[in-house]
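See structure below.
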Amino acid sequence: MERIYDLAIVGGGVNGCGIARDAAGRGNSVFLCEMNDLASGTSSWSTKLVHGGLRYLEYYEFRLVREALIEREILWQIAPHIIRPLRFVLPHHAGLRPAWLLRLGLFLYDHLGGRKLLPPTRSVNLRSDEVGRPLIAGRYSKGFEYSDCFVDDARLVVLTARDAADRGAVIRTRTRATEIRQDGSHWLVTTENTQTGERETIKARALVNAAGPWVEQVLSTGAGVNAKAKVRLVQGSHIVVRKLYDHDRAYIFQNADGRIIFAIPYQQDFTLIGTTDRDYQGDPAKVKATDEEISYLCAALGEYLAKPVTPADVVWSYSGVRPLYDDGASEAKAATRDYVFELDTPGGLPLLSIYGGKITTYRRLSEEALERLGPYLKGANAEEGWTGKAPLPGGDMKVQAVTGLIADLRKTYPFLTDAHAKRIALAYGTRAATMLGFATSASDLGQDFGGTLTEREVRYLMTNEWALTAEDIVWRRSKLGLRMSAAEIAALDAWIVANRDRSAATAREAGGRA
49 MERIYDLAIV GGGVNGCGIA RDAAGRGNSV FLCEMNDLAS GTSSWSTKLV
99 HGGLRYLEYY EFRLVREALI EREILWQIAP HIIRPLRFVL PHHAGLRPAW
149 LLRLGLFLYD HLGGRKLLPP TRSVNLRSDE VGRPLIAGRY SKGFEYSDCF
199 VDDARLVVLT ARDAADRGAV IRTRTRATEI RQDGSHWLVT TENTQTGERE
249 TIKARALVNA AGPWVEQVLS TGAGVNAKAK VRLVQGSHIV VRKLYDHDRA
299 YIFQNADGRI IFAIPYQQDF TLIGTTDRDY QGDPAKVKAT DEEISYLCAA
349 LGEYLAKPVT PADVVWSYSG VRPLYDDGAS EAKAATRDYV FELDTPGGLP
399 LLSIYGGKIT TYRRLSEEAL ERLGPYLKGA NAEEGWTGKA PLPGGDMKVQ
449 AVTGLIADLR KTYPFLTDAH AKRIALAYGT RAATMLGFAT SASDLGQDFG
499 GTLTEREVRY LMTNEWALTA EDIVWRRSKL GLRMSAAEIA ALDAWIVANR
549 DRSAATAREA GGRA
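According to the numbering used here, the sequence shown holds residues 49 to 562 in order.
Have a look at this one:
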């Protein structure tokens, strides 16, 4: 008997996977296809923050900021291994926003979202506090320190997909939706595996278009819908350099053009710097940080840091395209980051397209998407809000327990270095022991690929997290690409090719499909 899914989703970014998780948890049968790897588009190219968006207050986006601030602590509690609190230092720049305005904005930031776990804002004397030492001597005397959170964005997506699959969702990566049509009572979605060429047509009662920058292309595959909303593609680029300072706080720098630049401690030994905001007209799959953007970010840091940062210091750069809802704003920096839904019902069949959104609000976006689809889904109104209570895989612990987890791993697996144990704990949380198994020595983990990456971990990622290439592993499931050589990454790719078929078969049994 042919299976008919309650919901089909096109797009394996944070929004698509979030909707898949919520829908599956409410008892719906779910099919999701992603043309590349999970989080391979916009979702893995963010500034890695779960935050309210302090600067959005200037554009009177109070609803968005409030929602994001509430979600910030919810996400931290359901995924404390991949999300951690981070203090941000905001120096007062005498020539830009006045101190009273910064103070007012931070007061609102502290109180809009019902902050309970994170510490409040405080004033900082930059002449005496250690956070003032990296700054240009004598230029900045006062500032503010406030709270937000850091997130491993790509792992957030993958773990959300993993939880969706654990609840029955079918997740197909490297699977492109080539045609969407109707047969009278159902959506027919034809897909093609981009590696094997295998084609398949599935039926669904409802359809979600969560393709991000490709949302309009999906509508053009025969869905019979002309988009009323428009997507505005905005490029955001980041650079990574060697660690610029020794303390553990981030900086938020005001720029003369009204933009803000973050400098964030990253992967223990690096500093992440971003972002830019510029309209983008090209292929979203080919976006890259330009020399102009890299120079812009370096120059912005030069206004604040005593030690200059030059393009020669950049060890890695990345760029993504934000698929924002086009609200007619004249500048990219002013375009809304809020999300917009467009529900069409051609022939009585629901098609929900998603524009915009932030990583921080993906869980709430998913809830609202299912509210919109409520009349069409059998379980859409059941257990609303459950995703805010159920931990993501590996996150079933208190937010304070991460440090203890690292210590427990060192005790159980004494052959792990401190750095290795910490990386494993922050990636897998309480599932770290599942990944490591009954290993009693380093040799039990199999081949060492470099950068603390072992065969045991690679097999786990291929079997449980849809990893199919070295890029999937060293730039999305981890950031070990910062530590591994090109030769080591090439050797990893060769090993994966040689072992892929067996792991893919196991992955299908585990609820996913490579």
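Ideal Cβ placement from N, Cα and C applies to all residues, glycine included.
In the DSSP assignment, G64 falls within the unbroken alpha helix (DSSP H) covering 62-73.
Nearest Cα to A360 within the set A347, A217, D325: A347. Ranking A473, D201, E431, A275 by CA distance to the CA of D444 puts A473 first.
Excluding five sequence positions before and after D541, the CB atoms of its chain that fall closer than 7 Å to its own CB belong to T517, A518, given in chain order. T242 and T269 have their C-alpha atoms roughly 17 Å apart. For A475, the closest alpha carbon among the candidates A333, I407, V199, Q283 is that of V199.
In the three-state reduction of the DSSP assignment, H141 falls in the coil class.
In this structure the region 100-108 does not lie against the region 75-84, because fewer than three pairs of beta carbons, one per stretch, are closer than 8 Å.
Under the three-state reduction of DSSP output, E240 falls in the strand class. A straight line joining the alpha-carbon of A449 with that of V545 spans about 38 Å. By the beta-carbon neighbour count (other beta carbons within 10 angstroms, threshold 16), Q283 is buried. Around A72, the same chain offers V78, A212, R215, G216, A217 as residues with beta carbons nearer than 6 Å, after the five sequence neighbours per side are excluded. By the criterion of a C-beta distance shorter than 8 Å, E536 is surrounded in its chain by F497, G498, G499, once the five residues flanking it on both sides are discounted.
No residue range can be given for Q448, since it is assigned to no alpha helix (DSSP H) and is classified by DSSP as neither H nor E.
Under the DSSP assignment, Y387 falls in the beta strand (DSSP E) whose first and last residues are 387-392. Nearest neighbour of Y157 by Cα position, chosen from M83, K336, D196, turns out to be D196. For N512, the enclosing alpha helix (DSSP H) has its first and last residue at 503-512.
Three or more Cβ pairs closer than 8 Å define a contact, and the region 57-69 meets that threshold against the region 248-261. When the beta-carbon positions are compared, L236 and T249 come within less than 9 Å of each other. Counted as a single uninterrupted DSSP element, the beta strand (DSSP E) harbouring H286 occupies residues 279-290. Ranked by how close their Cα comes to the Cα of I184, the residues P394, L349, K251, D327 have L349 in first place. Residue range 201-214 is occupied by the alpha helix (DSSP H) that includes R203. Q125 carries a helical assignment under DSSP once its states are collapsed to helix, strand and coil. Going by C-alpha positions, A481 is about 25 Å away from D549. Going by beta carbons, R412 and E121 fall outside the 9 Å limit. CA-CA distance, D325 to A380, rounds to 6 Å. Rounded to the nearest whole angstrom, the C-alpha separation of G89 and M83 is 10 Å. Restricting attention to N303, G100, A417, the CA atom closest to the CA of R145 is found in N303.
By the C-beta criterion, the region 159-173 is judged to be in contact with the region 121-134, since at least 3 inter-stretch pairs fall below 8 Å. When rounded, the separation of the alpha-carbon atoms in G59 and G322 is 26 Å.
About 4 Å separates the CB atoms of G100 and L117; that is less than 8 Å, so the two are in contact. Counting the other Cβ atoms within 10 Å of the Cβ of W514 gives 16 or more, which makes it buried. Within the DSSP secondary-structure output, N173 pairs in a beta bridge with K190. Here D201 is buried, its C-beta having at least 16 other C-beta atoms within 10 Å.
Excluding sequence positions up to five before and after R479, its CB lies within less than 7 Å of the CB of P441, G442, all in the same chain and listed in chain order. CA-CA distance, L493 to A534, rounds to 22 Å.
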